[in-house]
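Student:
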Amino acid sequence: MQKLICRFISITSTVDKRMKARAQLKLRSTVLSAALFGLTSLALAAEDVTVTAAWARPTVRGQSVGGAYFDIRSERGATLTDLRSDAAASVQLHSMTRDGDIMRMRELATLPLPPGEVVHLAPSGTHAMLLDLRQPLRAGESIPLELTVADAQGRRRTLQVIVPIRTAAPVEHSR
Ligand SMILES: [Cu+2]
């Protein structure tokens, strides 16, 4: 009887070990696929949307808003849906239109990125408006900018851009 119980216990412990091993394997494959998925989405974001020639204008004393500009291009087509920066309380997309002698800025909810087309953000046109700057923007420094982009299926991805602060657009911007 004693022997039987012992055998029973040893069988259950073997089953237990096997189940644990299987669970561990399952966990390991989940972690692995999560890592792979992370890599894939990063790679997709990197290859589909590119941001170049980013810059922001230095601010003058007492100025609490600033403009940030860049070229953005999506290979497959996407929509720029959100902007944020640690340098400002909020960041809005603005369009600029001439109204007689006055330039008017209007907030855009989103910015469409047609497939393969470079969309320019510039002081005279569409731009990113940094509102309630946490500190003045000084030439030679840079600020982080996070862009959220949605693809045609609505999948969102974020891009981190380092925006140098400079008095004029980088050369490639004017092309
Ligand atoms: Cu503006």
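Counting from 1, position 87 in the sequence shown corresponds to residue 87 in the UniProt record's numbering; the numbering is continuous, with no gaps. Even glycine gets a Cβ: it sits at the ideal position worked out from N, Cα and C.
Which same chain residues end up closer than 6 Å to Ser-74 when comparing Cβ atoms and leaving out the 5 residues on each side of it in sequence?
Tutor: Only Asp-48, Val-49 and Leu-113 meet the Cβ criterion.
Student: Do the stretch 69 to 87 and the stretch 151 to 167 meet, that is, are 3 or more Cβ pairs less than 8 Å apart?
Tutor: Segments in contact, yes.
Student: Please identify the residue among Arg-57, Arg-98 and Ala-53 whose C-alpha is closest to the C-alpha of Gly-140.
Tutor: Nearest of Arg-57, Arg-98 and Ala-53 to Gly-140, Cα basis: Arg-57.
Student: Tell me which same chain residues have a C-beta within less than 6 Å of the C-beta of Val-119, skipping the five on either side of it?
Tutor: Contacts found: Ile-72 and Leu-113.
Student: Taking DSSP as the reference, what is the three-state secondary structure of Asp-99?
Tutor: Three-state DSSP puts Asp-99 in a strand.
Student: Do His-94 and ligand 1 come close, with the Cβ less than 8 Å from some heavy atom?
Tutor: His-94 Cβ: within cutoff of ligand 1.
Student: For Val-60, does the three-state DSSP call read helix, strand or coil?
Tutor: Coil.
Student: Short of 8 Å in beta carbon distance, which residues of its chain neighbour Ile-165, apart from the five on each side in sequence? Order them along the chain.
Tutor: Same-chain partners within the cutoff: Trp-55, Ala-56, Arg-57, Pro-58, Leu-137, Arg-138, Ala-139, Gly-140, Glu-141, Ser-142 and Ile-143.
Student: When you measure from the CB of His-120 to every non-hydrogen atom of ligand 1, does any distance come out below 8 Å?
Tutor: For ligand 1, not one heavy atom lies less than 8 Å from the Cβ of His-120.
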